[in-house]
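Here's the structure, in structure tokens; my notes come after.
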Amino acid sequence: NKYKDTYPEIIDKLLNEEILISDKSRLSFFHESFYDYLYARMFVANERDLLEFLLSQEQHLFLRSSVRQILTHERAQNVDECRNRLITLLEHNSIRFHIKRLIFQWMRTFPDPQLVEWELLEKLMQSDDSALASWAESVLNGSAWFSLLDEIGGIDSELSCGDTEREMRAAQYVARFCQEFQDRVGDI
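Quick note, the numbering used here runs 1007 ahead of the 1-based positions in the sequence shown.
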């Protein structure tokens, strides 16, 4: 193996720590997600463009974990830049359905959504692309998003906007969180 020959001490150390696994003539990381994490760090450190990266290939399913890790790493570095990247990816016609869906699923899991991310979703929920609008709205089903919307007054304003349909949707949204936020939902 060329890496064992070129970097014998480093490879031995990584094998001893069980970060790498040797299978006769092949080396691999102990877990695929660790590879994705390292790849994402290098991708961001080298200032590569995720849109260009995705457009330069077929956007196969196996890229999903790398895309998620890259976005996670970018978000940790700079939320505003990550938001801009998300807009570019989500609004680009050549980015495949499964990548866009992955982005929305990933956003739903944020433990600490930020106002700029809410503004992105709010914009996308008004999109002419009904799938994009629907996926953007589905992100709000994460409990941290409920907390953010409540904190910025979004829930109260929707519940009293004067548009019966919007008020109904807001009431249904709040009802989804009755168990998790009993006291707050009771106050609303």
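Cβ coordinates follow ideal geometry from the N, Cα and C atoms, glycine included.
The structure displayed is predicted, hence computed values, not measured ones.
Give the C-beta separation of Phe1117 and Ala1151 to the nearest angstrom, bearing in mind that I take them to be a contact with Cβ-Cβ under 8 Å. The residue given as residue 1117 occupies position 110 in the sequence shown. The residue given as residue 1151 occupies position 144 in the sequence shown. Correct: roughly 6 Å between the Cβ atoms.
Pick from Glu1016, Arg1115, Ile1195: whose alpha carbon is nearest that of Glu1165? Residue mapping note: residue 1165 aligns to position 158 of the sequence shown, counting from 1. Comparing Cα-Cα distances from Glu1165 to each of Glu1016, Arg1115, Ile1195, the minimum goes to Ile1195.
Cutting at 7 Å between CB atoms, please list the residues of its own chain near Leu1131, excluding the five before and the five after it. Locating residue 1131 in the sequence shown gives position 124, where the first residue counts as 1. Closer than 7 Å at the Cβ level, and outside the excluded window around Leu1131, lie Leu1097, Leu1139, Ala1140, Ala1143.
May I have the straight-line CA-CA distance separating Leu1058 from Asp1135, to the nearest angstrom? For the purposes of this step, residue 1058 is taken as the residue at position 51 of the sequence shown. For the purposes of this step, residue 1135 is taken as the residue at position 128 of the sequence shown. So the alpha carbons of these two residues sit roughly 22 Å apart.
Can you give, in chain order, each stretch of the alpha helix (DSSP H) that sits fully within the stretch 1109–1148 and has at least 4 residues? 1122–1131, 1137–1146
On a Cα-Cα basis, can you pick out the residue from Asp1163, Phe1153, Gly1169, Glu1172 that is closest to Cys1185? Residue mapping note: residue 1185 aligns to position 178 of the sequence shown, counting from 1. Checked all of Asp1163, Phe1153, Gly1169, Glu1172; the closest Cα to Cys1185 is Phe1153.
Could you give the distance in angstroms between the alpha-carbon of Arg1103 and the alpha-carbon of Ile1077? Counting from one through the sequence shown, the residue named residue 1103 turns up at place 96. Counting from one through the sequence shown, the residue named residue 1077 turns up at place 70. Taking the straight line from one Cα to the other gives about 17 Å.
In the DSSP assignment, find the beta strand (DSSP E) that holds Ser1029 and state where it starts and stops. By 1-based counting over the sequence shown, the position of residue 1029 is 22. Where Ser1029 is concerned, the enclosing beta strand (DSSP E) stretches over 1027–1030.
Name the DSSP beta bridge partners of Arg1103, please? Working through the sequence shown from its first residue, we reach residue 1103 at position 96. Arg1103 is not bridged to any residue.
Spatial neighbours of Val1074 in its chain, beta-carbon cut-off 8 Å, leaving aside the 5 residues before and after: Stepping through the sequence shown from its first residue, residue 1074 is reached at position 67. For Val1074, where only same-chain residues beyond five positions count, the Cβ hits under 8 Å are Leu1057, Leu1061, Ile1106, Leu1109, Ile1110.
Tell me the DSSP secondary structure of Arg1183 in three-state form. Counting from 1 along the sequence shown, the entry for residue 1183 is found at position 176. Three-state result, Arg1183: coil.
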